[in-house]
Structures are given as structure tokens and as C-alpha cells.
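Enquirer: What the sequence shown shows, in this note's numbering, is residues 50 to 143, in sequence order.
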Amino acid sequence: MSSIKLTVNHLYRQSGDQRTASLATARIFVGETLVATEEITGMTESPVSKYLHHSLPEGQPVRVEWDSEGVTAMEVSEVHVCPCCQQCSNDGLI
50 MSSIKLTVNH LYRQSGDQRT ASLATARIFV GETLVATEEI TGMTESPVSK YLHHSLPEGQ
110 PVRVEWDSEG VTAMEVSEVH VCPCCQQCSN DGLI
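1. Does the distance from the CB of residue 104 to the CB of residue 56 come in under 9 angstroms?
2. By the three-class DSSP mapping on this structure, what secondary structure does residue 114 have?
3. Is residue 70 close to the ligand ZN? I mean its beta-carbon at under 8 angstroms from any heavy atom of the ligand.
4. Looking at C-alpha atoms only, which residue of 129, 119, 51 is the closest neighbour of residue 84?
5. Got a sec? Which residues, its chain only, sit under 6 angstroms from residue 90 by beta carbon, not counting five neighbours each side?
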């Protein structure tokens, strides 16, 4: 199973001098195939990551597109072993 690391670099809504929580919808693609849609809510000014799994062949381009009510930046990258799978493997669960 292949894995993708989705990183939200920042997510917030600017209201005057104040930053508040926002909402974004991320669409993650492998090649031209949509593999996941994620609803993200809250506020962050530092990177937060999540790992997603898919069954398509490794080595294809990955990308993220998003719609947001505020200021948002995201990125995706292919990973060969995500931390959750590595932990399961070390514990003998996979």
C-alpha cells in the first residue's frame, strides 16, 4: 500500500488584525486520479501533517488542490513507509 503525506503549512482566516479558525477542503490526486478528499478545520501557523494510504502504483506524481475560506497553504509528497505503518510493522501488526 502506498502512502502520501499531506502537510497543512498554515490555515486561518484574517479578520482585521486577528486570525481565526478557517475551513478548507483538500483534494489529493495520484496521477490524474482523485484518491482522497479531506475537510480541514481549525487554525495553524505551523506545519501539521497527516498520512493517507492508496492502492495505486508508487512513483506517480502526487498533488493537492484546495478550496478555503481563508489563507491556506498545503503540500503533498509520496512516502515509502509512513510512521503509523512503521509502528505497526515494528509491533508485528502487519
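Even for Gly, the Cβ is constructed at its ideal location relative to N, Cα and C.
Expert: Straight from the coordinates:
1. no
2. strand
3. This structure lacks the ligand ZN, and indeed carries no ligand of any kind.
4. 51
5. 72
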